[in-house]
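Chemist: Quick note: the sequence shown uses our numbering, first residue 1486, plus one each step. Think of the CB as a built atom: it goes at the ideal place given N, C-alpha and C, for glycine as much as any other residue. Just so it is clear, the structure is predicted and the values come from calculations on it, not from any experiment. I am attaching a structure below and will ask some questions about it afterwards.
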Amino acid sequence: MMLLLTVADGASSAMADPSLDLDRLEESGITVLESLLHDLEPLVNRRRAQGTLPLLTFGELYAPLNPAQRAFLDAVRAVAPEQLQGASRRLPAPDPREQFEKIENQPVRLPDGNPVDDQYLPKKTYQAYQKMMQAMQKNLGKRLWVESGYRSPAHQLYLFVFYLPKHNHSIRETNRFVALPRCSEHGSPARQAIDFINEQGINGEDKPKEFEALPEYAWLQKNAGRFGFHLSYPRSNSANTSFEPWHWHYEGEK
Ligand SMILES: [Zn+2]
């Protein structure tokens, strides 16, 4: 049991449950998941209010949990992309020395009326994003904002399990909408992703069709490549991920 108390960032514990059903969690797994989400609520709410949720570490995520809950998270972390349909691949883990820019007080509201949480981007991605938005502003008289930028692998793991109940407790199905921690471009500064939201709060999470129809999206399709940004999930993609016109990743200017 001591193993579970010393789960290090980036490492999976040997306690992972090998019998995780990828098509639908067993009833016992669902019970553990429900208790885990309940027990993480205070931590997640506190970090969200502080604007530091995207930087959550595995140590911080595991701290409020009991051994069964930790073993459940370990089992999800141990799922390999090869076990799921499609070819989503492992991406380089963040460099612990990576420098992030914090993005606060963006002048945009989510469809539910709430402000956008504070976001983070690696310095290089942030600079390229600003440069691209200056060009969009000049051409279109409008720009996009960051609904979601960097998310640590621990934050990504939390999001993955948070969305599991909304996708019939199926890891396979959830993976079409939320990447596994090791596979998310949001958690890999080498290929940093941004989910965009426009000034009217049109975003991918709630209004995918409207986002696809935006002149801002048309502008990105024509111009983003010049700034080093690329659409990650076109309508049909080898990763079997749903079409995400709002999700772009930065590869650096060529
Ligand atoms: Zn995204």
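Below 8 Å on the Cβ atoms is my guess for M1621 versus E1567; work out the distance and round it to an integer in Å.
Modeler: Incorrect: roughly 38 Å between the Cβ atoms, too far for contact.
Chemist: Terminal residues of the continuous beta strand (DSSP E) containing L1716?
Modeler: Looking at the DSSP string, the run of the beta strand (DSSP E) that includes L1716 is 1714 to 1716.
Chemist: What is the DSSP secondary structure of F1681, reduced to helix, strand or coil?
Modeler: Residue state, collapsed to three classes: strand.
Chemist: Could you give the residue range of the beta strand (DSSP E) that holds F1585?
Modeler: F1585 -> beta strand (DSSP E) spans 1585 to 1588.
Chemist: With burial defined as no fewer than 16 other Cβ atoms inside 10 Å of the residue's Cβ, what is the status of H1523: buried or exposed?
Modeler: H1523 comes out exposed.
Chemist: Please return the same chain residues whose Cβ sits closer than 8 Å to the Cβ of A1501, not counting the five positions on each side in sequence.
Modeler: With a pLDDT of only 46 at A1501, under 50, the local geometry of the prediction cannot be trusted, and the value read off the model is given with reservation. Here the set comprises A1556, D1559, A1560, R1562, A1563.
Chemist: Suppose you measure from the CA of A1703 to the CA of L1541; what does that come to, to the nearest Å?
Modeler: Cα to Cα, the separation comes out at about 34 Å.
Chemist: Residues in its own chain within less than 6 Å of E1512 by CB, not counting five upstream and five downstream?
Modeler: Taken in chain order, the list of residues that qualify is empty.
Chemist: The beta strand (DSSP E) that contains L1606, what's its start and end?
Modeler: Segment 1604 to 1607, the beta strand (DSSP E) holding L1606.
Chemist: Is it the case that the Cβ atoms of H1734 and R1661 are separated by a distance below 8 Å?
Modeler: Against a cut-off of 8 Å, the Cβ pair of R1661 and H1734 comes out as no contact.
Chemist: Helix, strand or coil for E1738 per DSSP?
Modeler: E1738 falls in the coil class under three-state DSSP.
Chemist: Buried or exposed for A1698, please, with buried defined as at least 16 other CB atoms from any protein chain shown within 10 angstroms of its CB.
Modeler: The residue is exposed, with fewer than 16 neighbouring Cβ atoms inside 10 Å.
Chemist: Take Y1718 and list the residues in its own chain whose beta-carbon comes closer than 8 Å to its own, dropping the five residues that flank it on each side.
Modeler: The answer, listed in chain order, is A1724, T1726, S1727, F1728, E1729, H1732.
Chemist: Can you name, in chain order, every residue of its own chain whose Cβ lies under 6 Å from the Cβ of F1645, other than the five neighbours on each side?
Modeler: Only V1663 meet the Cβ criterion.
Chemist: Compare the beta carbon distance of P1596 and G1686 with 8 Å and say whether it is the shorter of the two.
Modeler: Yes.
Chemist: Between D1680 and S1721, how many whole angstroms is the CB-CB distance? I'm expecting something under 8 Å.
Modeler: Between S1721 and D1680 the Cβ distance is about 20 Å, and since that is not below 8 Å, they are no contact.
Chemist: Less than 8 Å separating the beta-carbons of R1636 and G1672?
Modeler: Yes. Within cutoff.
Chemist: Could you give the residue range of the beta strand (DSSP E) that holds E1670?
Modeler: No beta strand (DSSP E) holds E1670; DSSP gives it neither H nor E.
Chemist: What does DSSP give as the partner residue(s) for P1600 in the beta ladder?
Modeler: P1600 pairs with R1594.
Chemist: Looking at the structure shown, is N1653 part of a helix, part of a strand, or coil, going by DSSP?
Modeler: If DSSP states are grouped into helix, strand and coil, N1653 belongs with coil.
Chemist: So, for Y1648: in the same chain, excluding its five sequence neighbours on each side, which residues have a beta-carbon less than 7 Å away from its beta-carbon?
Modeler: The residues are T1659, F1662, V1663.
Chemist: Would you identify the three-state DSSP class for L1642, choosing helix, strand or coil?
Modeler: Correct three-state label for L1642: helix.
Chemist: Given this structure, state the Cα-to-Cα distance separating K1616 from P1592, to the nearest angstrom.
Modeler: Rounded to whole angstroms, K1616 to P1592 spans 18 Å at the Cα level.
Chemist: On the DSSP bridge assignment, give the partners of L1629 in chain order.
Modeler: N1683.
Chemist: Taking only runs that begin and end inside the segment 1517 to 1546, name each unbroken beta strand (DSSP E) of 3 or more residues, in chain order.
Modeler: List check, beta strand (DSSP E) in window: nothing returned.
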